[in-house]
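Here is the structure we will look at, set down as structure tokens.
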Amino acid sequence: MEGQKETHPKPVFKITSTESWDSYLQESKSHGTPVVAHFTASWCIPSVAMNPYFEELAFAFQDITFLVVDVDDLKVLFSILTSNLSCNTILEIARKYEVKAMPTFLLMKDCVVVGRLVGANPDEMKKRVGTLLQSNTEFVV
Numbered sequence: 001m002e003g004q005k006e007t008h009p010k011p012v013f014k015i016t017s018t019e020s021w022d023s024y025l026q027e028s029k030s031h032g033t034p035v036v037a038h039f040t041a042s043w044c045i046p047s048v049a050m051n052p053y054f055e056e057l058a059f060a061f062q063d064i065t066f067l068v069v070d071v072d073d074l075k076v077l078f079s080i081l082t083s084n085l086s087c088n089t090i091l092e093i094a095r096k097y098e099v100k101a102m103p104t105f106l107l108m109k110d111c112v113v114v115g116r117l118v119g120a121n122p123d124e125m126k127k128r129v130g131t132l133l134q135s136n137t138e139f140v141v
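Mapping the sequence shown onto full-length UniProt numbering, position 141 (from 1) lands on 141, and the numbers just tick up by one.
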């Protein structure tokens, strides 16, 4: 329609290596954009159930960068075997941020974790993401 601005959903960026993780974090930091990272695995039903909701949040909160880190061991192993990746790539990110359960969501500002949500709780996730834009304080975990 003429005269109306078309709205396109903002993509959720899939992390494929420590390099892509670092790149998105640095780009977000340079633009002053908060980051929400969803650590997921295909074998985790609550994680899979949160995927469409996570995409809705990316559409609703255009001023936040949304990242997905799939720590599915089989996919990581396949990537290692087929593309000569270091065996630490994706799992190294999860280990660095002490992600021990799926799903885990990290809320970040300036490359620093300011909040963490473990488990599939859409209402709490929406509340925390909304607060991420408004506050520079750390969340109660």
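Using N, Cα and C, we set each Cβ at its ideal position, and we do this for glycine too. Model, not experiment: these values are computed from the prediction.
Beta-ladder partner(s) of residue i, from DSSP
i: residue 109; result: 112
i: residue 14; result: 68
i: residue 40; result: 70
i: residue 131; result: DSSP, once it has assigned bridges, lists no residue as partnering residue 131.
i: residue 89; result: Paired residues: none, contrary to the question.
i: residue 104; result: 39 and 118
Own chain partners of residue i with C-beta closer than 6 Å, once the 5 adjacent residues on each side are dropped
i: residue 104; result: 39 and 118
Proximal residues to residue i (C-beta, below 8 Å), its chain only, five neighbours per side dropped
i: residue 130; result: 61
Check whether residue i and residue j have beta carbons under 8 Å apart
i: residue 132; j: residue 116; result: no
i: residue 99; j: residue 55; result: no
i: residue 29; j: residue 111; result: yes
i: residue 109; j: residue 34; result: yes
Sequence-distant residues of the same chain with beta carbon closer than 7 Å to residue i, five excluded per side
i: residue 97; result: 106 and 113
i: residue 128; result: 107, 115, 117 and 139
The alpha helix (DSSP H) enclosing residue i, as first and last residue numbers
i: residue 55; result: 45 to 60
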